[in-house]
Each structure stands twice: as structure tokens, then as C-alpha cells.
Amino acid sequence: MKTIIIGGVAAGMSVAAKLRREVKDETIIVLEKTDTISYGACGLPYYVSGENPDITRMNIRSVQQMRDSGIDVRIFHEVTKLDPVAKKVFGHSPEGDFELEYDRCVIASGASPIVPKLSCQDTNKIFTLKTLNDGEKLKAAFASSKRIGIIGGGYIGLELVEAAVHNQKEVVLVEKADRVLNTFDGEFSKMAYEELIKNHVEVYTSESLVDVVNHEQGLKIITDQRTLEVDIVILALGVRPNTSFTKDSGIALASNGAVLVDTTMKTNVKDVYAAGDCSVVTHMITHDHRYLPLGTNANKQGRNLAEVLAGAESDYALALGSAMLRLCGLEFAKTGLSEQEAMAAKLDVVTTFVTSHDHPRYYPNATDIHIKLVADANTGILLGAQLAGEKNTALRSHAYSVAISARMSAKMYANLDLGYAPPFATTYDVTQIAAQTIKARNM
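Numbering (my numbering), first residue to last: 882 to 1324.
What follows is the structure, given as C-alpha cells:
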């Protein structure tokens, strides 16, 4: 049996490594269009900031290590066409065009940063952050820049704001939506905004990028409302799935180009699977397809797909969109549905917003943690949680992820036997205090 995997980063190498462990006689070929595989892209903002001084720490497995384990990794091999009828992939490499047959094909081609058409095309002044090479170029540009423009106020944009602030740069942030961090509810966007202002970041929301043009030694950002002068620009406008090679293959795609898959990562085409940032996930609560390009999803999809390919009955654990962010002096975390997402899904919900301490006030250095919960209005079953605080905050969201996955009610969660000692928590943990305030009709 021959399995060809298109893409060699998170999902692709998770499939390859796990499948090799499970099926010793499988022929596994990984086709990667760059020269780099298996690296921790989520760590790039912290390399740019200087917190991690060594970019090689983000390399998880080398090409040679994977080859030594019995996986045929072929770098600089870009797939340009997939033919499920002939069961072949086509592409090009430094040695010329190639054509390979497969028994099973895994699309793990990832996603690329969205880059609009701009007057300035100078890649020494305009940056994205996706690859190790991107990180090296951006870090070098930081060293010679005083004023940095960042377009996009989502996770990556805000992580790069923090990196710039950490390096004592002047920062300009432009966001098209009416608030930053808009995957969270407004209360948390407000906290993020206030943290940005506290750190002297210029924030412009409800403004659309029109163009970026050269200006003297730097650039001008032109929005629909103003012109801003900066030294460099970082585009953090989200990502687009790398699936153009599936054209005319019959493989079903979402509106944004992501491959549609079921919970076992099967596509609508026999013997073709997909995982990672090139594909959708199924949401645990709403059961619809969502595009959630997160490292956690990519690695879990890859590992579970390998079990499927090895013949096991393995369903990918449905996604909650769990995510974390550090923004200067605050931690943010989210799991499950926000209130705005629950309303969009037409769910009948109740919410609560609570502020309490991470540990008792009589023990030194207690700080506030802010929590918003979303629960079913009838049963009180937890559907979502959002948290923000100075410290000891983000990891507390893990408990809520477990509770939501277990369909636990707020009342059940409030009565869990969680651990307690004054250096760590209050007698009722702050997460339980929030759950105690949920008022559902049938609780």
C-alpha cells in the first residue's frame, strides 16, 4: 500500500510519523514544496520578539530523521494537480516534472497568508509570518525599524504587536472590524483594546486598508480614513487554504477553498483525505463545518487520520475552537462558543460575566480573572467560556474545555472536587464561582 501525503508540516508529518509507527510495511511518500518540514510555526512571534533567540529550536524533526524512520520525504516537490480517477499526483521539482501513483492520498498542504494587491511589492518592507524564513526576515527588519505598522487585529496581529512592544517599537495597528480580537465577545475586545492603549499602541478600528506605498525610506499605509507613515508593514489578514491543485478533481471545497471532510478526515472522493489548515473541522456544539486553522487541530487531525489509515475506528475529536493569546500584560483564552457565535447559531442561551481572584487576597500577589460563560438556557449545559487576566488565567480554560466536551452543566461544574491551596486557588476556584452564577430555567 502506498500513501502519498501532500505537505510536510504539522498535519502532514503527524500523519506520516503515526502511520509509520502503526503500519511498518506501508510506503509513505511526503511531498513538500519547500525545504523545511515539521516545525513549530506558532512559536514564530516569540522568535521575532527575541524571547526565543534560536530559531532552530522550532525544528521538530529534520528531513533526514524522517527518512531514517522509513518515510520518503521529498523536498522542493510542489504538487500542481491531483487526479483521483487515475489515482495520480502531478507536480514539479528541481529534477523536473513528476507523476506519482497512489493507493491513498492525504492533502495536508496547509494555508498561506492573505496578501492583497498593493502598490508596494517590496518584500524587504512588507512582511507576513508563516514560515521560518518569514521569521528570520521579519526579525532582521525589526532591528532596523522604529515604527511598525500591523494590519489585522486577530491572534497573529496581536502577538506581533506584543513582539514590537517588547522591542520598544512604535506600533500602529489597523483593523477592518469595529474591534480587535473579534472572535471573542465585546467585553474581551475592550480589555484587549485598553491593554494596547496602555502600551502606547495606535489603534485604528473600522478602517479598511486601501494601499501601501513607498515613502522616502519607509512606507505609507493608506486606509479609507487616513494615511499613516511607518518603516515596515506586517500583514496579519488571516490565511487562505493551499488547495488550487485540486481544481477539476471533483473534491468538494468550502467557500474559502478549504477541503470539506467528515470526522474521519475523508473527502467526498474515494481514497482522498485531508487534514490541517487546508481543511475544515466539524464543530462539537453546532456540528457544522468551520475553518479553524489552529496548530492543535492540525496535529490532532493528522494523528487521528493515521489511525484511520491504519485500519482503526478513530473519529477525530470534534473541535471547540479553543485558543489562547498573551497580549503584553494580559492572558486571553477561549473555548467553545462565544455569545455572539451562539446567537448566530440561533441557540437559546444564558450568559454570565464574573470577576474574581486567581487565589485568596490574603496570599501575596492575587490578581483578577475575568470570566464569561455561555450555557444552554434550559439545561445549563456549558457551551462556551472566555477568560482574561494578568496571570494564572489561560490554562484554566482547559477545565472548561473538558466540561464542555463532557456536556457538563454549570451546576455540575460548580460542584466538582477541584484542588485548593492558597498559593494556587480560592476554595471555590474562580472558574467554579463563574459557574455558580449561571441561571438556567431547569437547573
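Glycine is no exception: its CB is placed at the ideal position from the N, C-alpha and C atoms. Since we're looking at a predicted model, the values are computed, not measured.
*What residue from Leu1109, Arg1121, Ala967 has the CA that sits closest to Asp984's CA?*
Taking the sequence shown and counting its residues from 1, the one referred to as residue 984 is at position 103. Of the candidates Leu1109, Arg1121, Ala967, the one whose C-alpha sits nearest the C-alpha of Asp984 is Ala967.
_Ala1280 beta carbon less than 8 angstroms from that of Thr1307_ = Translated into the one-based positions of the sequence shown, residue 1307 becomes position 426. Translated into the one-based positions of the sequence shown, residue 1280 becomes position 399. Going by C-beta atoms, Thr1307 is not nearer than 8 angstroms to Ala1280.
*Determine the contact status of Ala1193 and Ser1160, defining contact as a CB-CB distance below 8 angstroms.*
Position 312 of the sequence shown holds residue 1193. Position 279 of the sequence shown holds residue 1160. In this structure, Ala1193 keeps its C-beta atom at 8 angstroms or more from the C-beta atom of Ser1160.
*Limits of the unbroken beta strand (DSSP E) element including Ala1266*: The residue labelled residue 1266 in the question sits at position 385 within the sequence shown. That run of the beta strand (DSSP E) goes 1263 to 1270.
*What does DSSP give as the partner residues of Asn940 in its beta bridges?*
Along the sequence shown, read from residue 1 onward, the residue named residue 940 stands at position 59. Tyr920, per the DSSP bridge assignment.
*Under three-state DSSP, which class holds Tyr1074?*
Mapped onto the sequence shown, residue 1074 falls at position 193. Correct three-state label for Tyr1074: helix.
*Expressed to the nearest angstrom, what Euclidean distance is found between the alpha-carbon atoms of Ile1029 and Thr1163?*
Translated into the one-based positions of the sequence shown, residue 1029 becomes position 148. Translated into the one-based positions of the sequence shown, residue 1163 becomes position 282. Computed Cα separation, rounded: 37 angstroms.
_Please report the distance separating the alpha-carbon of Pro1303 from that of Ile1314._
Here the question's residue 1303 lines up with position 422 in the sequence shown. Here the question's residue 1314 lines up with position 433 in the sequence shown. One C-alpha to the other measures close to 16 angstroms.
*Measuring alpha carbon to alpha carbon, tell me which of Asp935, Ile918, Ile941 ends up nearest Asp953.*
The residue labelled residue 953 in the question sits at position 72 within the sequence shown. Closest option to Asp953, Cα to Cα, is Ile918.
_Tell me the residue span of the alpha helix (DSSP H) that contains Lys1018._
Within the sequence shown, the letter at position 137 stands for residue 1018. Counting along the chain, Lys1018 sits inside the alpha helix (DSSP H) bounded by residues 1013 to 1024.
*What did DSSP end up calling Tyr1154 once you bin it into helix, strand or coil?*
For the purposes of this step, residue 1154 is identified with residue 273 of the sequence shown, where counting begins at 1. Correct three-state label for Tyr1154: strand.
*Have a look at the DSSP bridge pairing and note the partners of Met1289.*
Residue mapping note: residue 1289 aligns to position 408 of the sequence shown, counting from 1. None; Met1289 has no bridge partner.
*State yes or no: is the C-beta of Thr1318 within less than 8 angstroms of the C-beta of Gly1265?*
For the purposes of this step, residue 1318 is taken as residue 437 along the sequence shown, with counting starting at 1. For the purposes of this step, residue 1265 is taken as residue 384 along the sequence shown, with counting starting at 1. Contact flag unset, no.
*Report the residue ranges of all beta strand (DSSP E) runs contained in full by the stretch 1029 to 1061; include only those spanning at least 3 residues, in chain order.*
If we require 3 residues or more, the beta strand (DSSP E) runs fully inside the stretch 1029 to 1061 come out as 1051 to 1055.
_CA-to-CA distance, Leu1134 to Cys1209, given in whole angstroms_ = Position 328 of the sequence shown, counting from 1, holds the residue named residue 1209. Position 253 of the sequence shown, counting from 1, holds the residue named residue 1134. Approximately 38 angstroms, taken between the alpha carbons.
_Quick check on this structure: which residue in Asp1129, Thr1145, Pro1122, Asp1143 has the alpha carbon closest to the alpha carbon of Ser1136?_
Taking the sequence shown and counting its residues from 1, the one referred to as residue 1136 is at position 255. By alpha-carbon distance to Ser1136, the top candidate from Asp1129, Thr1145, Pro1122, Asp1143 is Pro1122.
*Taking the C-alpha atoms as reference points, what is the distance between Glu1056 and Leu1039?*
One-based indexing of the sequence shown puts residue 1056 at position 175. One-based indexing of the sequence shown puts residue 1039 at position 158. Distance from the CA of Glu1056 to the CA of Leu1039, rounded to the nearest whole angstrom, comes to 11 angstroms.
*For Thr1004, which of Ser930, Val1091, Asp1112 has the nearest alpha-carbon?*
Position 123 of the sequence shown, counting from 1, holds the residue named residue 1004. The shortest Cα separation from Thr1004 among Ser930, Val1091, Asp1112 belongs to Asp1112.
*Smallest Cα separation from Ile1007: which of Leu1116, Gly1157, Ala1275?*
Position 126 of the sequence shown, counting from 1, holds the residue named residue 1007. Cα-wise, what sits closest to Ile1007 is Leu1116.
*Within the present structure, is the beta-carbon of Glu1194 separated from the nearest heavy atom of the ligand HEM by less than 7 angstroms?*
As far as ligands go, the structure on display features none, and thus does not contain the ligand HEM.
*Just the C-alpha distance for Ala1191 and Ala1022, rounded to the nearest angstrom, thanks.*
The count along the sequence shown starts at 1 and reaches residue 1191 at position 310. The count along the sequence shown starts at 1 and reaches residue 1022 at position 141. So the alpha carbons of these two residues sit roughly 46 angstroms apart.
*Using the DSSP secondary-structure output, state which residues sit across from Asp1249 in a beta bridge.*
Here residue 1249 is taken as the residue at index 368 of the sequence shown, counted from 1. Note: Asp1249 sits in a beta bridge opposite His1238.
*Is the number of C-beta pairs between the stretch 1251 to 1267 and the stretch 1096 to 1106 that are closer than 8 angstroms three or more?*
Judged by Cβ distances under 8 angstroms, the stretch 1251 to 1267 makes no contact with the stretch 1096 to 1106, as fewer than three pairs qualify.
*Using DSSP bridges, identify the partner residues of Asp1092.*
Mapped onto the sequence shown, residue 1092 falls at position 211. According to DSSP, which records beta bridges pairwise, Asp1092 is partnered with Ile1103.
*How many Å lie between Lys1079 and Met894 at the Cα?*
To locate residue 1079, count along the sequence shown from 1; it is residue 198. To locate residue 894, count along the sequence shown from 1; it is residue 13. Linking Lys1079 to Met894 through their CA atoms gives a straight-line distance of about 41 angstroms.
*Keeping to the same chain, check which residues put their C-beta closer than 6 angstroms to that of Gly951; ignore five residues upstream and five downstream.*
As a first step, residue 951 must be located in the sequence shown, where it is residue number 70. Answer for Gly951: Arg901, listed in chain order.
*From this set, Ala1247, His1238, Asp1257, which residue's C-alpha is nearest Ser1219's C-alpha?*
Position 338 of the sequence shown, counting from 1, holds the residue named residue 1219. Looking at Ala1247, His1238, Asp1257, the one whose alpha-carbon comes closest to that of Ser1219 is Asp1257.
*Going by other Cβ atoms of all chains shown within 10 Å of its Cβ, with 16 needed for buried, is Ser1000 buried or exposed?*
Numbered from its first residue, the sequence shown carries residue 1000 at position 119. Residue environment analysis places Ser1000 among the exposed positions, since fewer than 16 neighbouring C-beta atoms fall within 10 angstroms of its C-beta.
_Does Glu976 pass the burial test, meaning 16 or more other C-beta atoms within 10 Å, or should it be called exposed?_
Here residue 976 refers to the residue found at position 95 of the sequence shown. Label assigned to Glu976: exposed.
*Does the distance from the CB of Gly991 to the CB of Val896 come in under 8 angstroms?*
Counting from one through the sequence shown, the residue named residue 991 turns up at place 110. Counting from one through the sequence shown, the residue named residue 896 turns up at place 15. In this structure, Gly991 lies away from Val896, with their beta-carbon atoms at least 8 angstroms apart.
*asked:* Distance check for Ile1252 and Pro1245, CA to CA, integer angstroms please.
replied: Here the question's residue 1245 lines up with position 364 in the sequence shown. Here the question's residue 1252 lines up with position 371 in the sequence shown. One Cα belongs to Pro1245, the other to Ile1252, and the distance between them is close to 22 angstroms.
_Can you tell me whether Glu1212 is buried or exposed? The criterion is at least 16 other CB atoms within 10 Å of its CB, across all chains shown._
In the sequence shown, residue 1212 corresponds to position 331, counting from 1. Classification of Glu1212: buried, given that the 10 Å Cβ count is 16 or more.
_Gly921 and Asp936 - do their beta-carbons sit closer together than 8 angstroms?_
For the purposes of this step, residue 936 is identified with residue 55 of the sequence shown, where counting begins at 1. For the purposes of this step, residue 921 is identified with residue 40 of the sequence shown, where counting begins at 1. Reading the sequence as shown, one finds Ile at residue 936 and not Asp. No, they are not a contact pair.
_Considering just the uninterrupted stretch of the beta strand (DSSP E) at Pro926, what are its terminal residues?_
For the purposes of this step, residue 926 is identified with residue 45 of the sequence shown, where counting begins at 1. If you look at Pro926, you'll find it isn't in any beta strand (DSSP E); it sits in the alpha helix (DSSP H) that goes 925 to 930.
_Cβ-Cβ distance between Ile1105 and Thr1086 below 8 angstroms_ = Indexing the sequence shown from 1 puts residue 1105 at position 224. Indexing the sequence shown from 1 puts residue 1086 at position 205. The sequence given here has Asp at residue 1105, not Ile. Cβ atoms of Asp1105 and Thr1086: not closer than 8 angstroms.
_Residues near Asp1169 in its chain [Cβ-Cβ closer than 7 angstroms; skip 5 each side]_ = Here residue 1169 refers to the residue found at position 288 when the sequence shown is read from its first residue. Cβ-Cβ distances below 7 angstroms link Asp1169 to nothing in the same chain once the five nearest sequence neighbours on each side are left out.
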